[in-house]
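Colleague: Remember, the working numbering sits 5 above the position in the sequence shown when you count from 1.
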Amino acid sequence: MKPRLPQPGPLNVAVLFVDLVNSSEFASVLGLREYAEYLDSFQHACLSQCRHFFESVHKGKYQQGLDYRVSFIGDELVVFLHSGRDADDIYQLACLAICLKCAWLASPKNTERIQAGMGTVDIACGIHFGSVWANPQQSGYDLRGFTINVAKRIETSSREGKNFHIFLSDAAYKRISQLLRNLLVGEGMVLPMKGVIVPVGVYEIEDSFIDPYKRLDPEFSEGFQNVARSALESNACEAWIHSCLQVWEESRNGKVTDECFELCRRTLKSHPENAVALYFIGQACQERKDPERARLYLEDLTRFHPTFADGWLLLAEVCKSLGDAPSSRKAILQAERHGIQIEQTD
Numbered sequence: 006m007k008p009r010l011p012q013p014g015p016l017n018v019a020v021l022f023v024d025l026v027n028s029s030e031f032a033s034v035l036g037l038r039e040y041a042e043y044l045d046s047f048q049h050a051c052l053s054q055c056r057h058f059f060e061s062v063h064k065g066k067y068q069q070g071l072d073y074r075v076s077f078i079g080d081e082l083v084v085f086l087h088s089g090r091d092a093d094d095i096y097q098l099a100c101l102a103i104c105l106k107c108a109w110l111a112s113p114k115n116t117e118r119i120q121a122g123m124g125t126v127d128i129a130c131g132i133h134f135g136s137v138w139a140n141p142q143q144s145g146y147d148l149r150g151f152t153i154n155v156a157k158r159i160e161t162s163s164r165e166g167k168n169f170h171i172f173l174s175d176a177a178y179k180r181i182s183q184l185l186r187n188l189l190v191g192e193g194m195v196l197p198m199k200g201v202i203v204p205v206g207v208y209e210i211e212d213s214f215i216d217p218y219k220r221l222d223p224e225f226s227e228g229f230q231n232v233a234r235s236a237l238e239s240n241a242c243e244a245w246i247h248s249c250l251q252v253w254e255e256s257r258n259g260k261v262t263d264e265c266f267e268l269c270r271r272t273l274k275s276h277p278e279n280a281v282a283l284y285f286i287g288q289a290c291q292e293r294k295d296p297e298r299a300r301l302y303l304e305d306l307t308r309f310h311p312t313f314a315d316g317w318l319l320l321a322e323v324c325k326s327l328g329d330a331p332s333s334r335k336a337i338l339q340a341e342r343h344g345i346q347i348e349q350t351d
């Protein structure tokens with residue numbers, strides 16, 4: 006394998022750090038053997054999912070070493086992606102982070118906790134983009150730079166998140182903000198970070214329409230479906246689990262099932278602004294020939310999340326079915342305004 010850089014020099018890289026939430030607390034109460042087994046389970050889930058993501062889902066797109074590297078630093082996963090497609094590299098790491106959350110949710114350790122009546126253990130993720138110093142090696146690069154330190158600090162900060170616990174740095178978010186269609190990101194925050202003098206802005210992923218069904222390692226597929234349903238009964242605030250399961254089931258079935266319809270209803274009682282629940286309950290009402298009710302839900306969706314283009318697009322379809330051409334046209338214009346290109350037909 007011939008490295009892209011013939012000699013040492015700067016390299017643009019997207020970096021993902023992943024760690025267990027509350028890992029220190031677990032280390033303090035578990036015995037040495039139990040904690041080692043806990044970390045082994047975490048590492049297995051991460052490495053298996055990363056392998057599937059790069060070698061199966063994106064087969065032929067990336068070369069290990071040349072385009073990406075996956076490794077553990079202590080008990081933390083770090084993924085470097087530097088294919089030269091900067092915006093896509095950042096987006097793919099966001100997709101991978103969501104898949105890693107699903108894989109870890111389905112792990113035997115979380116299954117055991119659910120069966121014992123306990124809540125699941127989550128992971129936190131930080132994504133950053135910047136330049137590092139790359140020293141070409143036979144199988145890739147040796148990477149050094151403050152960008153890596155900042156990515157680690159962003160992951161640490163993400164543990165205080167309120168939704169997906171996935172933080173994007175300002176540098177990462179700005180490169181993909183105009184391209185995002187299936188991720189909803191919250192308002193920017195400037196957080197103090199240990200060892201980082203210059204303020205770093207971060208954005209949390211608030212909701213996701215990324216399809217884990219197409220990206221999750223089959224080893225975790227059945228476990229994810231089972232554990233996700235059980236987890237929603239015990240983790241009252243884990244709306245991210247609902248979002249991933251809802252998108253998964255709609256992709257798998259090609260429609261919103263009755264079970265998922267009811268799941269949307271329940272989720273909206275505790276999370277009335279949840280984008281995935283509002284979108285799919287609107288779709289479910291439309292599928293069940295109830296466009297008036299669909300319109301109510303979708304008007305809520307577009308009010309709470311006015312930049313979500315696909316919400317406007319579905320609202321346009323519903324308004325058209327109701328014979329309200331002006332409202333349908335307005336919704337189409339809003340969808341176009343927020344990034345969707347629509348071909349007009351007479």
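Using N, Cα and C, we set each Cβ at its ideal position, and we do this for glycine too.
Whose CA, out of 136, 135 and 111, lies closest to the CA of residue 126?
Modeller: Residue 111 is the option with its Cα nearest to residue 126.
Colleague: Pull up the CB-CB distance for residue 108 and residue 225, whole angstroms please, since I reckon it's below 8 Å.
Modeller: Contact holds; Cβ gap of about 5 Å.
Colleague: Could you tell me the alpha carbon to alpha carbon distance between residue 7 and residue 69, rounded to whole angstroms?
Modeller: Because the pLDDT of residue 7 is 49, which lies under 50, any placement of that residue in the model is unreliable, and the number read from its coordinates should be weighed accordingly. Their backbone Cα atoms lie some 12 Å apart in a straight line.
Colleague: Which runs of the alpha helix (DSSP H) at least 4 residues long sit entirely within the segment 107-187? Give them in chain order.
Modeller: The qualifying runs are 113-120, 151-163 and 175-181.
Colleague: Taking the alpha-carbon positions, what's the residue 339 to residue 183 distance?
Modeller: Roughly 15 Å separates the two Cα atoms.
Colleague: So, using beta-carbon positions, are residue 22 and residue 83 closer together than 8 Å?
Modeller: Yes, Cβ-Cβ distance for residue 22 and residue 83 is below 8 Å.
Colleague: For residue 264 and residue 255, I'd like the C-alpha separation in whole angstroms.
Modeller: Their backbone Cα atoms lie some 11 Å apart in a straight line.
Colleague: Could you pull the DSSP bridge partners for residue 95 from this structure?
Modeller: Answer is none; residue 95 lacks a bridge partner.
Colleague: Could you give the DSSP three-state label for residue 351: helix, strand or coil?
Modeller: Because the pLDDT of residue 351 is 39, which lies under 50, any placement of that residue in the model is unreliable, and the question is left without a value.
Colleague: Can you give me the C-alpha to C-alpha distance between residue 10 and residue 270, rounded to a whole angstrom?
Modeller: Straight-line Cα distance between these residues: approximately 53 Å.
Colleague: Residues in the same chain with beta-carbon distance under 6 Å from residue 13, minus the five sequence neighbours each way, listed in chain order, please.
Modeller: Only 140 meet the Cβ criterion.
Colleague: Between 229, 325 and 120, which has its C-alpha nearest residue 247's C-alpha?
Modeller: That would be 229, whose Cα lies nearest to the Cα of residue 247.
Colleague: Pick helix, strand or coil for residue 192, following the three-state DSSP scheme.
Modeller: Residue 192: coil per DSSP, three-state reduction.
Colleague: Taking the straight line between their C-alpha atoms, what separation do you get for residue 39 and residue 212?
Modeller: Spanning the two alpha carbons is a distance of roughly 34 Å.
Colleague: Ordered along the chain, which non-local residues of its own chain (more than five positions away) have a Cβ less than 7 Å from that of residue 88?
Modeller: These residues qualify, in order along the chain: 67, 72 and 94.
Colleague: My output table needs one value for residue 6: the three-state DSSP class, helix, strand or coil.
Modeller: Confidence in residue 6 is poor, its pLDDT being 48 and thus under 50, which makes the residue's placement too unreliable to answer from.
Colleague: Could you tell me the alpha carbon to alpha carbon distance between residue 354 and residue 293, rounded to whole angstroms?
Modeller: Past the edges of the chain, shown from 6 to 351, lies residue 354, and the structure says nothing about it.
Colleague: Would you list the one or two residues that DSSP bridges to residue 86?
Modeller: The partner list for residue 86 (beta bridge, DSSP) reads 19 and 73.
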